[in-house]
Amino acid sequence: MNLSSPPSPPNLLLKISKDVRRRAEPEDGTRILTMRYWPRGVRKDHIDEWRRELAPSPELLRWCWDNKDRVDFQEYSATWMHRYREEMEERVDLIEGLRTRLGNGETLTLLCACHKLDDCHRLELAKIICGHNDTA
1372 MNLSSPPSPP NLLLKISKDV RRRAEPEDGT RILTMRYWPR GVRKDHIDEW
1422 RRELAPSPEL LRWCWDNKDR VDFQEYSATW MHRYREEMEE RVDLIEGLRT
1472 RLGNGETLTL LCACHKLDDC HRLELAKIIC GHNDTA
C-alpha cells in the first residue's frame, strides 16, 4: 500500500509544532507522543496516546546519533528521511488510522521532545499522514 495515495486531510486538524513538555491546551485535541522512549519529567496524564511505533526505530536513532556530525547535512537529511519513510511503510495501519481520525474531524497533536521542528521526525510524519510524497 502506498502511504501517499489518499487526499490530504485538513491541515489545521494536525498539529506538529508542540514540544511534549509544553502544557496541554483544549485546541490540542488528542495529544499523541511519537517518541521511541518516554521523555524524562513528562507525566503520563499529560499525554493521551503513546505511539512509539511512529518514532524512528532504535537502529535509525543510533544511525542518526552516529552520523549527524560525520556527513554532509543534506546527504544526512535525505538518507534519514528515506529510511524513516521506509520504516513507516511498515506502519500503514497506524497511518491510515490517523488519517481516518483526521477525516472524521478529530484534532491530533504529534508530540516529541525535539526542540527544533526542522530536525524532528514529526515533520516527515505529518507529510506522510497528509499524503505528501515530497521529502523536501
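Heads up: take any position in the sequence shown, counting from 1, add 1371, and you land on the numbering used here.
We put the CB at the ideal spot given by N, CA and C, even for glycine.
- A residue is called buried once 16 or more other Cβ atoms fall within 10 Å of its Cβ, and LYS1439, having fewer, is exposed.
- At a Cβ-Cβ threshold of 9 Å, GLU1477 and THR1405 do not count as neighbours.
- Counting along the chain, no alpha helix (DSSP H) covers THR1478, and no H or E run does either.
- Here the alpha carbons of THR1471 and CYS1435 stand approximately 31 Å from one another.
- According to the DSSP assignment, ARG1402 belongs to the beta strand (DSSP E) that extends over 1401 to 1404.
- For LEU1385 and ILE1403, the gap between their C-alpha atoms comes out near 11 Å.
- Straight-line spacing of the CA atoms in MET1459 and ARG1393 works out to 26 Å.
- Fully contained in the stretch 1401 to 1430 are the following beta strand (DSSP E) runs of length 3 or more, in chain order: 1401 to 1404.
- In the displayed model, ASP1440 falls within coil according to three-state DSSP, outside both helix and strand.
- A straight line joining the alpha-carbon of ALA1484 with that of CYS1491 spans about 9 Å.
- ALA1497 counts as buried, since at least 16 other C-beta atoms from the protein chains shown sit within 10 angstroms of its C-beta.
- In the structure shown, the three-state DSSP call for LYS1389 is coil.
- Assigned with DSSP and collapsed to three states, ARG1493 falls in helix.
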